[in-house]
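Residue numbers (the numbering used here): 800 to 890. We treat Cβ as the ideally placed atom computed from N, Cα and C, and that holds for glycine. Step one of this worksheet: look at the structure below.
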């Protein structure tokens, strides 16, 4: 292996440790749920999912799981106001 490639590998390893360099702005995931497969997308702070739970509630277990997986790389999904304690506001 040439020295240039060795340098790139070392730099890549260093970047992997410096996670503050990474911010996910767009993501599309095929999520294998218990009952069906779903497409979950993240675009500049907004999550969407094609599941019935998301369509009905504005949040779902697929998004919650992906927020945990990508914690620190994406902004968390806002809690739909219908599910907040009375008097509490989002944002």
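Same chain only: Cβ atoms within 6 Å of residue i, ignoring 5 sequence neighbours per side
i           : result
residue 873 : 823, 841
residue 846 : 862, 876
residue 843 : 824
Three-state class that DSSP yields for residue i in the structure shown
i           : result
residue 826 : strand
residue 835 : coil
residue 819 : helix
Pick from the options that is closest to residue i, judged by C-alpha positions
i           : options       : result
residue 868 : 834, 830, 854 : 830
residue 860 : 844, 837, 871 : 837
beta-carbon residue i near the ligand NAD non-hydrogen atom, thresh 8 Å
i           : result
residue 844 : By its list of ligands, the structure shown contains no ligand whatsoever, and the ligand NAD lies outside what it can speak to.
Start and end residues, beta strand (DSSP E) containing residue i
i           : result
residue 872 : Taken as a continuous stretch (DSSP letters only), residue 872 belongs to no beta strand (DSSP E), as it is neither H nor E.
residue 848 : 845-848
Supposed close pair residue i, residue j - CB separation, criterion 8 Å
i           : j           : result
residue 828 : residue 865 : 6 Å
Terminal residues of the alpha helix (DSSP H) in which residue i lies
i           : result
residue 866 : 860-868
Own chain partners of residue i with C-beta closer than 7 Å, once the 5 adjacent residues on each side are dropped
i           : result
residue 821 : 872
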